[in-house]
Structure formats: structure tokens, C-alpha cells
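Right, one structure below, let's go through it.
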Amino acid sequence: MTLRLDNCVLRGVIRNDVPNTIDGWLQMSSAAPQPTILLSLVGNLPGRLAGQSLLLSPPTAPRDTWPLPVTPSRLHRQQIGVFSRCTFRTTPQNSCSFAWHGPNGLVRLDSSNCQLLTNPGDTETTSLTELQLDCLLESDSDSLSPPFPRIPIPSVSQLPDPDQLVSDQQAWLILQPLLARLARAAVSFHMCPHISSRTALQQLIHDVLPQLHSDSYTPGQLRLRSFTSAENCSVCQQEFRDWLPPAPVSRPEKPRNPLKQPFPVSGSGSRIWNSGSGSTSMVGW
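Residue numbers for the sequence shown follow the numbering used here, beginning at 19 and rising by one.
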């Protein structure tokens with residue numbers, strides 16, 4: 019069953035400026051259970067939309083003529099998962115349909131007023147940081163929401179050997195439903211821009227799935243578990259090392275001048291201090 023967000027989204031941004039990642043934010047109407055939801059999805063926008071961003075704006079029609087929003091009873095704030103499909107239609111206002119698989123299952127958003135952005139940095143996005151900050155500072159209501167049905171996670175033995183797949187497209191057809199099922203079980207996987215679908219599938223099978231020891235999870239009662247392919251990516255590791263500030267240069271400690279050190283005079287109750295200037299002075303011990 020598809021969860022529809024028609025007329026629930028006031029504005030937002032959907033970005034694909036990094037390969038293999040679609041992220042952004044959606045500001046919801048006051049009737050929605052979450053004021054803002056954040057997107058963090060695996061995938062790429064199709065065709066001419068690849069590498070670009072979608073700016074969603076409120077409908078241009080007067081507010082009193084807007085259709086009443088169909089508000090979902092529960093909606094997870096952090097929408098992790100995998101991209102499903104997207105269409106963009108050039109009309110007087112431009113419209114788009116965007117869908118993904120997340121903690122709520124298949125979610126679809128239709129917007130009747132959107133703009134295609136080739137360079138998102140040219141657009142005023144001051145509210146983006148504010149919305150994300152407000153969203154993250156609020157209490158984590160996702161862990162308190164009513165639980166979803168227990169979602170089975172496939173074992174390694176149920177999946178094909180990635181080495182036997184002939185193309186990345188074939189690997190994606192297996193990777194997409196696997197990521198969708200993991201998202202329903204509150205498991206997030208970040209796919210870095212340097213790997214293919216086949217490599218991502220290999221990492222999931224060999225590194226991630228063995229750590230999910232339970233046969234199933236109840237997402238509403240568990241906190242999000244996150245994994246990333248960057249841990250096994252040499253390019254990401256090198257970029258991280260380049261990002262770190264240079265280590266401070268350690269200077270060898272200067273040896274002390276023994277002539278400048280105080281030393282006691284046996285049985286005198288005083289200390290002789292040699293200042294190194296050729297003279298000595300007596301100091302009370």
C-alpha cells in the first residue's frame with residue numbers, strides 16, 4: 019500500500035548533487051504528524067534529472083482553494099531508504115511525482131509547483147539549515163511511534179552471489195528491494211559515490227547482513243541503525259585523511275644546561291645557584 023503525501027507538503031528540496039545519494043527536506047502542513055521530514059535515500063534521479071535538484075513550492079492558487087490534505091496517521095521524521103521513481107512534467111507551473119521506499123513503506127509525493135535546479139547553490143536556502151536543526155533538536159518521536167508489523171530481513175543464503183551477476187543494472191534490481199526491506203526494519207545504508215551497485219550489494223551481503231543477527235525487527239521500537247560503504251572505500255578514506263588538519267610537528271626537547279641547575283651544598287642548609295654568568299649566589303635552603 020502506498021502512503022500518499024499529496025497536499026501535505028508545503029515546500030522542500032530534493033537533491034541529487036552527489037552520485038548514489040538523494041537527500042533533502044520537506045516542510046509539512048500543520049496537520050501532519052511531523053513538521054519536517056528529512057530524506058536520505060540511495061539512488062539517482064533518472065534521465066535528464068540526474069545530478070540536479072527539485073525545489074518544491076506551495077501551490078500558486080489561493081490557500082482557501084487548496085484540496086484538504088490527506089494526512090497519514092504516522093510518519094517517520096527520518097526517511098531513510100531507497101529511491102523508487104520520479105517524473106517531471108513541464109507545465110505552466112511544472113509538476114513532479116517522486117516516490118521512495120522508507121520506514122513507512124512506499125511513499126509518494128506529487129507536487130504541482132516545482133522548479134528544476136541545475137545549481138542548487140544559486141537558490142535561497144537559508145531555511146534549510148533552520149528546518150534541519152529544528153527537526154534534529156526535537157525529541158525523537160520516531161522511537162515512540164506505534165510499531166509497524168515485524169519485517170523479516172533476508173539471510174545471506176537467500177540472496178544471489180553478486181559475483182555471478184552480469185551487470186550493475188541486474189545488481190540494482192536486487193539491491194533496491196533489499197534496501198527497501200532494510201528501511202522498513204529501521205536499517206540505513208549509505209552508498210558512497212565511488213562504488214557500483216554490485217559492490218554495494220557485496221558489502222551488504224558480506225558486512226551488513228551478518229550483523230543483523232535477529233530474523234526480524236520492529237521499527238517503531240528500535241532506533242535507527244546506520245551503515246556506510248565509505249568504511250570500505252579507499253577513495254573515501256583518502257578524502258577523509260585529506261580533510262583532517264595536519265598533525266602538529268613535534269619539536270625535540272631542548273637539553274637542559276647543567277650549569278643552570280640548582281644543586282645543594284652538603285650540610286650547609288643552603289643552595290648554590292649558578293646563573294651561567296661566571297658568578298654564584300647562595301640561596302637559603
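Think of the CB as a built atom: it goes at the ideal place given N, C-alpha and C, for glycine as much as any other residue. As the structure is a prediction and not an experimental result, all values here were calculated from the model.
Nearest to residue i (by Cα), restricted to the options the options
{"i": "residue 243", "options": "47, 97, 68", "result": "97"}
{"i": "residue 378", "options": "130, 262, 191, 39", "result": "The question about residue 378 has no answer, for the chain in this structure spans 19 to 303."}
{"i": "residue 175", "options": "115, 222, 113, 201", "result": "222"}
{"i": "residue 72", "options": "105, 255, 23", "result": "105"}
{"i": "residue 37", "options": "273, 215, 268", "result": "215"}
{"i": "residue 208", "options": "193, 195, 256, 245", "result": "245"}
{"i": "residue 111", "options": "94, 95, 76, 92", "result": "76"}
{"i": "residue 33", "options": "21, 94, 101, 52", "result": "101"}
{"i": "residue 64", "options": "40, 253, 56", "result": "40"}
{"i": "residue 257", "options": "67, 210, 217", "result": "210"}
{"i": "residue 184", "options": "217, 171, 206", "result": "217"}
{"i": "residue 52", "options": "273, 136, 23", "result": "23"}
{"i": "residue 136", "options": "273, 31, 265, 266", "result": "31"}
Residue i vs residue j beta-carbon contact at 8 Å
{"i": "residue 219", "j": "residue 189", "result": "yes"}
{"i": "residue 212", "j": "residue 251", "result": "yes"}
{"i": "residue 199", "j": "residue 123", "result": "no"}
{"i": "residue 99", "j": "residue 197", "result": "yes"}
{"i": "residue 48", "j": "residue 26", "result": "no"}
{"i": "residue 121", "j": "residue 248", "result": "no"}
{"i": "residue 206", "j": "residue 115", "result": "no"}
Rounded straight-line distance, which links the Cα of residue j to that of residue i
{"i": "residue 134", "j": "residue 270", "result": "58 Å"}
{"i": "residue 29", "j": "residue 127", "result": "12 Å"}
{"i": "residue 259", "j": "residue 113", "result": "42 Å"}
{"i": "residue 61", "j": "residue 35", "result": "11 Å"}
{"i": "residue 119", "j": "residue 180", "result": "22 Å"}
{"i": "residue 132", "j": "residue 229", "result": "41 Å"}
{"i": "residue 103", "j": "residue 109", "result": "19 Å"}
{"i": "residue 193", "j": "residue 268", "result": "48 Å"}
{"i": "residue 117", "j": "residue 69", "result": "17 Å"}
{"i": "residue 20", "j": "residue 92", "result": "13 Å"}
{"i": "residue 95", "j": "residue 177", "result": "30 Å"}
{"i": "residue 253", "j": "residue 262", "result": "14 Å"}
{"i": "residue 67", "j": "residue 195", "result": "22 Å"}
Which residues DSSP lists as bridging residue i, in chain order
{"i": "residue 46", "result": "27"}
{"i": "residue 58", "result": "41, 98"}
{"i": "residue 125", "result": "21, 118"}
{"i": "residue 224", "result": "DSSP lists no partner for residue 224."}
{"i": "residue 133", "result": "73"}
{"i": "residue 104", "result": "116"}
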